[in-house]
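One line per chain: the protein sequences are A and V, in this order. The numbering of the first sequence is the working numbering, which starts it at 4 and goes up by one. The numbering of the second sequence is the working numbering, which starts it at 142 and goes up by one. In this text, a Cβ means the ideal position worked out from N, Cα and C, and glycines have one as well.
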Amino acid sequence: MYLTKEEELILAGEYGYALQKAMEILVALGDIYGADRLIPIKSAQVAGVSYKNIGDAGIEFLRDFVRAGAKVSVYTTLNPAGIGDEEFMEKQREVLELYREMGIETTSTCTPYYGANLPKFGDHIAWSESSAVIFANSIIGARTNREGGPSSLAAAIVGKTPNYGLHLDENRKATVIVDVQAKVRTFVDYAALGYHLGRTLGNDVLYLRKIKPERTEFLKEMGAAMAASGSIALYHVEGETPEYKGAIVDKLEKLTVEDSDIKAVKEQFSDDWSDIDMILIGCPHASLMEVKEIAELLVMRGRPLKIPLFITASRAVKALADSLGYTEVIERYNGKIMADSCFVVSPIKGWYKGIATNSGKSAFYFRSFGFNVRLDDTENLIKEAP
Amino acid sequence: MKFKGRKIVGGKAEGELIVSQKPLSFLGGVDPETGIVTDAESDIRGESIAGKILAFPRGKGSTVGSYIIYALKKNGKAPKAIIVGEAETIVSTGAIIAEIPMVDGIDVSKLKTGMRVRVNADEGEVELLED
Chain A
4 MYLTKEEELI LAGEYGYALQ KAMEILVALG DIYGADRLIP IKSAQVAGVS YKNIGDAGIE
64 FLRDFVRAGA KVSVYTTLNP AGIGDEEFME KQREVLELYR EMGIETTSTC TPYYGANLPK
124 FGDHIAWSES SAVIFANSII GARTNREGGP SSLAAAIVGK TPNYGLHLDE NRKATVIVDV
184 QAKVRTFVDY AALGYHLGRT LGNDVLYLRK IKPERTEFLK EMGAAMAASG SIALYHVEGE
244 TPEYKGAIVD KLEKLTVEDS DIKAVKEQFS DDWSDIDMIL IGCPHASLME VKEIAELLVM
304 RGRPLKIPLF ITASRAVKAL ADSLGYTEVI ERYNGKIMAD SCFVVSPIKG WYKGIATNSG
364 KSAFYFRSFG FNVRLDDTEN LIKEAP
Chain V
142 MKFKGRKIVG GKAEGELIVS QKPLSFLGGV DPETGIVTDA ESDIRGESIA GKILAFPRGK
202 GSTVGSYIIY ALKKNGKAPK AIIVGEAETI VSTGAIIAEI PMVDGIDVSK LKTGMRVRVN
262 ADEGEVELLE D
């Protein structure tokens, strides 16, 4: 990979240990994946935040890295943090503090685009968090690979990323056409479609036809589900997403999705209410519109929920919900909005036996943790819940 | 006998091989306190990688695996060098931050646990040593 004079100096350690290590990571990845050079990025989104995930090993690394003077050079936000007992929270606070010392905005969300980290079409970025990656690539048309925690941090520090993978035009072309014959209308239909496609396809770029998503949230959810059950990082929707024109260049394989495929996913996550003791909405983190809807649905329901409802959201959305009065309504019905956190990355085994959710991504993870799962639209969940 | 691969992290090491013929996950797959492999699907489960030359086809699992490699080093339980068939992000990043010599592009199926090797990562070379 070609390096500029300055990049060579960074690699030689002229600008200190932290920049040198970050540069070594970028150069190694560039060489492994055949990048020609490094390209500047507009922003970074760093994973490796929950203490449940990074553990003491991660804290030790971050501590050493901060001591060595690690500072980010582009606007950088963080993935959600975990929730746990007192001891856990103390470690969690230390992780956030270490990232803050690096100059990272410690808003911890999987939807940075609902807050301050909103790239524009064509921007090169280095994001981790698979649901944010697929959102940025597919819905916005920004360009990022699926970074890991350390590689996104290295990119944030140097302000650059190796030019390979989804940064290049040729790798953003479709590799499979998906004909959606199934009727896909609601949020959960899109969640189930995403889950099915992630599980069925490999590391493909999808070209979806015959769907007409009514809202951005539906696409957000579909992408999150396919990135969780599989490893998809970019999809195009004919007539909808910004890069669908010209996305088909070759004769491509075709996959047809039938009603039975969607039904099969829903049936897989249809545990009875008697096995459910928590409702979770906001995976990926809820938009303000989703929060507003929940408040309205609770008022229509007219009586408090017997089991707790947790809504996870970014701090930005929570602040708006607070000031607009939605939080108060939600709390009156036994709901709670939790900012900057995520149950998927929290040590919650044993706290609950089963969750009801509208999220395909949550369904996938909680089933793998051994929980009962009921997947349905928000409207049905709030109407039917005990 | 010499194998020629590619440098991922420079450095030199000599020692005994421990070889996994299956992809290895570090998060949940290797205990950072002891260096013992805990991955249920691994063919070297229960064995220690500490102080050995570790060879496997490629990394898998969570990107947090990089930090586990770093912790192994801090705890004095890291392998002396890492040899892989195909480098990917997780293990490469871990080897860089832990400063463990690493080579990729080596046909790991030709290596066996217990063999003695010399790794010259700067040149991307792995040499089998006679006993």
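Partners in chain V for Leu32 (chain A), counting only beta-carbon separations shorter than 8 angstroms
As a position in the first sequence, residue 32 (chain A) is number 29, starting the count at 1. Result: Thr230, Ser233, Thr234.
Quick one: is Pro311 (chain A) buried, meaning 16 or more other Cβ sit within 10 Å of its Cβ, or exposed?
Stepping through the first sequence from its first residue, residue 311 (chain A) is reached at position 308. Flag for Pro311 (chain A) reads exposed.
Please list the partners that Ile223 (chain V) has in chain A, where partner means a Cβ-to-Cβ separation under 8 angstroms.
Along the second sequence, one-based indexing puts residue 223 (chain V) at 82. Think of a sphere of 8 angstroms around the beta carbon of Ile223 (chain V): no beta carbon from chain A falls inside it, the nearest being about 12 angstroms out.
Where do the N-terminal and C-terminal ends of the beta strand (DSSP E) with Glu256 (chain A) fall, by residue?
Start at 1 with the first residue of the first sequence, and residue 256 (chain A) comes out as number 253. Its beta strand (DSSP E) spans residues 256–260.
Within a Cβ cutoff of 6 angstroms, which residues of the same chain sit near Lys339 (chain A), ignoring the five residues on either side of it in sequence?
Taking the first residue of the first sequence as 1, we reach residue 339 (chain A) at position 336. Correct list, in chain order: Phe313.
Out of A:Lys352, A:Glu387, A:Asp379, A:Leu14, point me to the one whose CA is closest to Phe372 (chain A)'s CA.
Here residue 372 (chain A) is taken as the residue at index 369 of the first sequence, counted from 1. Nearest C-alpha to Phe372 (chain A): A:Lys352.
For Gly19 (chain A), which residues of its own chain have a beta-carbon under 6 angstroms away from its beta-carbon, when the five flanking residues on both sides are left out?
The sequence position of residue 19 (chain A) within the first sequence is 16, counting from 1. Setting aside the 5 residues that flank it on each side, Gly19 (chain A) is surrounded in the same chain by Gly72, each with a C-beta closer than 6 angstroms to its C-beta; the list follows chain order.
Between the C-alpha atoms of Leu101 (chain A) and Lys215 (chain A), what's the straight-line distance to the nearest angstrom?
Position 98 of the first sequence, counted from the first residue, corresponds to residue 101 (chain A). Position 212 of the first sequence, counted from the first residue, corresponds to residue 215 (chain A). Using only the alpha carbons, I get a separation of about 43 angstroms.
For the segment 49–66 of chain A, which residues have a beta carbon sitting closer than 8 angstroms to at least one beta carbon of chain V?
Ala50, Gly51, Asn56, Ile57, Gly58, Asp59, Ala60, Gly61, Glu63, Phe64
Would you mind giving the Cβ-Cβ distance between Leu322 (chain A) and Ala250 (chain A), rounded to the nearest angstrom? I have them listed as a contact below 8 angstroms.
Against the first sequence, residue 322 (chain A) aligns to sequence position 319. Against the first sequence, residue 250 (chain A) aligns to sequence position 247. Residue 322 (chain A) is actually Ala in this sequence, not Leu. With 8 angstroms as the limit, Ala322 (chain A) and Ala250 (chain A) do not qualify as a contact, their Cβ atoms being about 37 angstroms apart.
Bridge partners - Ala84 (chain A), DSSP secondary structure assignment
Within the first sequence, residue 84 (chain A) is the residue found at index 81, counting from 1. A:Ser344, per the DSSP bridge assignment.
Buried or exposed (CB count within 10 angstroms, at least 16 for buried), Asn206 (chain A)
Your numbering for residue 206 (chain A) matches position 203 in the first sequence. Counting Cβ neighbours within 10 Å, Asn206 (chain A) comes out exposed, since fewer than 16 surround it.
How would you list, in chain order, the residues of chain V whose beta-carbon sits under 8 angstroms from the beta-carbon of Ser154 (chain A)?
Along the first sequence, read from residue 1 onward, the residue named residue 154 (chain A) stands at position 151. Neighbours of Ser154 (chain A) on chain V, chain order: Thr204, Thr230, Thr234.
If we define contact as Cβ-Cβ less than 9 angstroms, is Asp85 (chain A) a contact residue for chain V?
Taking the first sequence and counting its residues from 1, one reaches residue 85 (chain A) at position 82. According to the sequence shown, residue 85 (chain A) is Gly rather than Asp. Taking Cβ atoms only, chain V never reaches closer than 9 angstroms to Gly85 (chain A), which makes this a no.
Check each candidate in V:Gly206, V:Thr254, V:Gly152 and name the one with the smallest Cα separation from Ile190 (chain V).
Here residue 190 (chain V) corresponds to residue number 49 of the second sequence, with the count starting at 1. Nearest Cα to Ile190 (chain V) within the set V:Gly206, V:Thr254, V:Gly152: V:Thr254.
Extract the residue ranges of the beta strand (DSSP E) inside the segment 196–238 of chain V, only unbroken runs of 3 or more that lie entirely within it.
222–225
Residues of chain V with CB under 7 angstroms from Lys24 (chain A), in chain order?
Residue numbering aside, residue 24 (chain A) sits at position 21 when the first sequence is read from its first letter. Neighbours of Lys24 (chain A) on chain V, chain order: Ile237, Ile238.
Simplified DSSP state of Val376 (chain A), which is helix, strand or coil:
The residue labelled residue 376 (chain A) in the question sits at position 373 within the first sequence. The answer is strand: DSSP assigns Val376 (chain A) an E or B state.
How long is the line joining the alpha carbons of Ala230 (chain A) and Arg202 (chain A), rounded to whole angstroms?
Reading the first sequence from its first residue, position 227 is the one you call residue 230 (chain A). Reading the first sequence from its first residue, position 199 is the one you call residue 202 (chain A). Near 9 angstroms, if we compare the C-alpha coordinates of Arg202 (chain A) and Ala230 (chain A).
Nearest to Ile237 (chain V) by alpha carbon, out of V:Glu266, V:Phe144, V:Lys148, V:Lys143?
Taking the first residue of the second sequence as 1, we reach residue 237 (chain V) at position 96. With distances taken between Cα atoms, Ile237 (chain V) lies closest to V:Lys148.
Pull up the DSSP beta-bridge partners for Leu211 (chain A), would you.
Residue 211 (chain A) sits at position 208 when you count from the first residue of the first sequence. Paired residues: A:Val181, A:Val240.
Since Thr219 (chain A) is in the alpha helix (DSSP H), which residue starts that stretch and which ends it?
In the first sequence, residue 219 (chain A) corresponds to position 216, counting from 1. From DSSP, the alpha helix (DSSP H) with Thr219 (chain A) extends over 219–232.
So is Trp130 (chain A) buried or exposed if we call it buried at 16+ other beta carbons inside 10 Å?
Looking up residue 130 (chain A) in the first sequence gives position 127. Buried is the call here.
Please say whether Thr112 (chain A) and Tyr277 (chain A) have beta carbons closer to each other than 9 angstroms?
As a working note, residue 277 (chain A) is residue 274 in the first sequence. As a working note, residue 112 (chain A) is residue 109 in the first sequence. Reading off the sequence shown, one finds Ser at residue 277 (chain A), where the question assumed Tyr. Not closer than 9 angstroms, so no.
Going by other Cβ atoms of all chains shown within 10 Å of its Cβ, with 16 needed for buried, is Pro115 (chain A) buried or exposed?
Looking up residue 115 (chain A) in the first sequence gives position 112. The residue is buried, with at least 16 neighbouring Cβ atoms inside 10 Å.
Mind the definition here: the segment 70–86 of chain A touches the segment 371–385 of chain A only if three or more C-beta pairs lie below 8 angstroms; say whether that holds.
With the cut-off at 8 angstroms, the segment 70–86 of chain A and the segment 371–385 of chain A do not touch.
At what residues does the beta strand (DSSP E) containing Gly357 (chain A) begin and finish?
The sequence position of residue 357 (chain A) within the first sequence is 354, counting from 1. Membership of Gly357 (chain A) in the beta strand (DSSP E) is indicated by the continuous run 357–360.
I need the DSSP call for Tyr336 (chain A), collapsed to helix, strand or coil.
Taking the first sequence and counting its residues from 1, one reaches residue 336 (chain A) at position 333. Note: Tyr336 (chain A) maps to coil in three-state DSSP.
How many Å lie between Thr175 (chain V) and Gly192 (chain V) at the Cα?
Mapped onto the second sequence, residue 175 (chain V) falls at position 34. Mapped onto the second sequence, residue 192 (chain V) falls at position 51. Going by C-alpha positions, Thr175 (chain V) is about 11 angstroms away from Gly192 (chain V).
Work out the CA separation of His127 (chain A) and Arg218 (chain A) for me, nearest whole Å.
By 1-based counting over the first sequence, the position of residue 218 (chain A) is 215. By 1-based counting over the first sequence, the position of residue 127 (chain A) is 124. For Arg218 (chain A) and His127 (chain A), the distance between alpha carbons rounds to 25 angstroms.
Rounded straight-line distance, which links the Cα of Ser233 (chain V) to that of Ile385 (chain A):
Counting from 1 along the first sequence, the entry for residue 385 (chain A) is found at position 382. Counting from 1 along the second sequence, the entry for residue 233 (chain V) is found at position 92. Those two C-alpha atoms are separated by around 47 angstroms.
Taking its Cβ as the centre, do 16 or more other Cβ atoms sit within 10 Å of Gly226 (chain A), making it buried, or is it exposed?
If you number the first sequence from 1, residue 226 (chain A) lands on position 223. The residue is buried, with at least 16 neighbouring Cβ atoms inside 10 Å.
Going by alpha carbons, who is nearest to Ser273 (chain A) out of A:Phe367, A:Gly285, A:Gly242, A:Ala342?
For the purposes of this step, residue 273 (chain A) is identified with residue 270 of the first sequence, where counting begins at 1. The shortest C-alpha separation from Ser273 (chain A) is found at A:Phe367.
Between the Cα of Asp253 (chain A) and those of A:Tyr210, A:Ser76, A:Thr360, A:Glu93, spot the shortest distance and give me the residue it belongs to.
As a working note, residue 253 (chain A) is residue 250 in the first sequence. Nearest option by C-alpha distance: A:Tyr210.
Along chain V, which residues have their Cβ under 9 angstroms away from the Cβ of Gly151 (chain A)?
Within the first sequence, residue 151 (chain A) is the residue found at index 148, counting from 1. Neighbours of Gly151 (chain A) on chain V, chain order: Ser203, Thr204, Val205, Gly206, Ser207, Thr230, Ile231, Thr234.
If contact means a Cβ-Cβ distance below 8 angstroms, which residues of the segment 278–294 of chain A contact chain D?
As a matter of chain content, chain D is missing from the structure shown, whose protein chains are A and V.
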